[in-house]
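K.L.:
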Amino acid sequence: MEFLTNEKLTIVGAAGMIGSNMAQTAIMMHLTPNICLYDPYGPGLEGVAEEMFHCGFEGLNLTYTSDIKEALTGAKYIVSSGGAARKAGMTREDLLKGNAAIAEEFGKNVKAYCPDVKHVVVIFNPADITGLITLLYSGLKPSQVTTLAALDSTRLRSELAKHFHISPDKVENCRTYGGHGEQMAVYASTAKVDGKPLLEIIGTPALTAEQWAEIQSKVTKGGANIINLRGRSSFQSPAYVSIEMIAAAMGGKPFRWPAGTYVHSHGFAHIMMAMETEITKDGVHYKELKGTPEEEAKLKESYAHLCKLRDEVIGMGVLPEIKDWKSINPNID
0 MEFLTNEKLT
10 IVGAAGMIGS
20 NMAQTAIMMH
30 LTPNICLYDP
40 YGPGLEGVAE
50 EMFHCGFEGL
60 NLTYTSDIKE
70 ALTGAKYIVS
80 SGGAARKAGM
90 TREDLLKGNA
100 AIAEEFGKNV
110 KAYCPDVKHV
120 VVIFNPADIT
130 GLITLLYSGL
140 KPSQVTTLAA
150 LDSTRLRSEL
160 AKHFHISPDK
170 VENCRTYGGH
180 GEQMAVYAST
190 AKVDGKPLLE
200 IIGTPALTAE
210 QWAEIQSKVT
220 KGGANIINLR
230 GRSSFQSPAY
240 VSIEMIAAAM
250 GGKPFRWPAG
260 TYVHSHGFAH
270 IMMAMETEIT
280 KDGVHYKELK
290 GTPEEEAKLK
300 ESYAHLCKLR
310 DEVIGMGVLP
320 EIKDWKSINP
330 NID
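In numbering that gives the first Met the number 0, the protein residues as written are 0 to 332.
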């Protein structure tokens, strides 16, 4: 059986629904035979491992442990869903305090046990902030840490496909940027529907301004809708898309969606946010965003919201003042 790499992939939070789905997805996509599952909850972790063994996968060297040192030692790739789950009635920001502390500990563990790791994907919410904290305390380069931001773009694609009653494959280049939350910037200027620019359709009988506003609202509240429908937060979509991200970092298929990355240019500073990115073996790189004046104004609003969250974490003492960041991680601009 062929794999993208033989290097070790560690999945943090593997006893949870996202983590266990990440494990199965990574195995089925043949990323690497060497996968380590980590979770502090031992019985649940063993249960997930048993399930993977019962699948009868071939050529697999699957290990599991509740010892973080063992899990991270030798890891070249990590995907972490190891935060608290979002529950009904909670916003991503409600998770801020607890998950910020978890991200700090995670970053310090990466630095201590696998400083030679090649790429880390952080997906526990609010991912823009937990990814930033992880980056700072891990000592890694900004190009080595990404966060899950694609679900907002995939939700836009889904909502447009449903509205026009067409295959999602006919809805191209859907993009949301900025924060991964209800303050995201939903771009229309990048998208095409059945080959036609979305901007040319909005305001016509095919998609009235009111209908477009409703679609935008559904996109920004897509995660909350899953909770209302299923009684729990999303797990299949974040698991699949995050494994697509780490696969791209391993040299696999190009990642098709925006990713959260550390940004310190083009009017944005010291923040992790969704950008137009490329993830390769050389890391993540982003491009300057161009949109309509309204879209760019919305992106600035989203950035301001993220800065507010970042500053709250600084106020908590989890992050130091920005002027001190480089003393903790010399790779930070």
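All C-beta atoms, glycine included, are put in the ideal place defined by N, C-alpha and C.
Using the three-state DSSP reduction, which class does Lys191 fall into: helix, strand or coil?
P.N.:
Looking at Lys191 - three-state DSSP - the assignment turns out to be strand.
K.L.:
Based on Cα-Cα distance, which residue from Ile270, Gly81, Gly41 lies nearest to Asp66?
P.N.:
Ranking the options by Cα distance to Asp66, first place goes to Gly41.
K.L.:
In chain order, which continuous runs of the beta strand (DSSP E) of length 3 or greater are located wholly inside the stretch 266-323?
P.N.:
Entirely contained in the stretch 266-323, the beta strand (DSSP E) runs reaching 3 residues are, in chain order, 267-279, 282-286.
K.L.:
Taking the alpha-carbon of Pro167 as reference, which of Thr145, Val144, Val192 has the nearest alpha-carbon?
P.N.:
With distances taken between Cα atoms, Pro167 lies closest to Val192.
K.L.:
Could you check the C-alpha separation between Glu50 and Ser241 for me, to the nearest Å?
P.N.:
Looking at the two C-alpha atoms, the distance is approximately 21 Å.
K.L.:
What runs of the beta strand (DSSP E), each 3 residues or longer, lie entirely inside the stretch 54-109?
P.N.:
DSSP runs (the beta strand (DSSP E)) wholly in the stretch 54-109: 60-64, 76-79.
K.L.:
For Gly259 and His179, which I take to be in contact (beta-carbon distance under 8 Å), what is that distance rounded to the nearest angstrom?
P.N.:
So it is a contact: roughly 6 Å between Cβ atoms.
K.L.:
Ordered along the chain, which non-local residues of its own chain (more than five positions away) have a Cβ less than 6 Å from that of Ala70?
P.N.:
Excluding residues within five positions, the ones whose Cβ falls inside 6 Å are Thr9, Cys35, Tyr37, Thr64.
K.L.:
Buried or exposed, going by whether 16 or more other CB atoms sit within 10 Å of the CB of Gln143?
P.N.:
By the 10 Å Cβ count, Gln143 comes out buried.
K.L.:
Could you have a look at Tyr136 and say whether DSSP puts it in helix, strand or coil?
P.N.:
Reduced to three states, the DSSP call for Tyr136 is helix.
K.L.:
Can you tell which of Ser264, Phe254, Gly43, Lys299 has the C-alpha that lies nearest to the C-alpha of Gly282?
P.N.:
Comparing Cα-Cα distances from Gly282 to each of Ser264, Phe254, Gly43, Lys299, the minimum goes to Phe254.
K.L.:
Can the beta-carbon of Cys173 be found less than 7 Å from the beta-carbon of Ala149?
P.N.:
No; because the gap between Cβ atoms is not below 7 Å, this pair is not in contact.
K.L.:
Between the Cα of Met274 and the Cα atoms of Arg309, Pro292, Thr175, which residue gives the shortest distance?
P.N.:
Nearest option by C-alpha distance: Thr175.
K.L.:
What is the DSSP secondary structure of His118, counted as helix, strand or coil?
P.N.:
Note: His118 maps to strand in three-state DSSP.
K.L.:
Using beta-carbon positions only, say whether Val78 and Ile245 come within less than 7 Å of one another.
P.N.:
Cβ atoms of Val78 and Ile245: closer than 7 Å.
K.L.:
What is the rounded straight-line gap between the Cα of Gly81 and the Cα of Glu277?
P.N.:
Using only the alpha carbons, I get a separation of about 25 Å.
K.L.:
If distances are taken between C-alpha atoms only, which option among Lys289, Glu6, Val47 comes closest to Pro32?
P.N.:
Ranking Lys289, Glu6, Val47 by Cα distance to Pro32 puts Glu6 first.
K.L.:
Going by the DSSP bridge assignment, what does Cys35 pair with across the sheet?
P.N.:
According to DSSP, which records beta bridges pairwise, Cys35 is partnered with Thr9, Thr62.
K.L.:
Would Gly130 pass as a contact of Thr153 if the rule is Cβ separation under 7 Å?
P.N.:
Not a contact, by the Cβ cut-off of 7 Å.
K.L.:
Can you give the Cα-Cα distance for Lys252 and Asn20, rounded to whole angstroms?
P.N.:
Looking at the two C-alpha atoms, the distance is approximately 20 Å.
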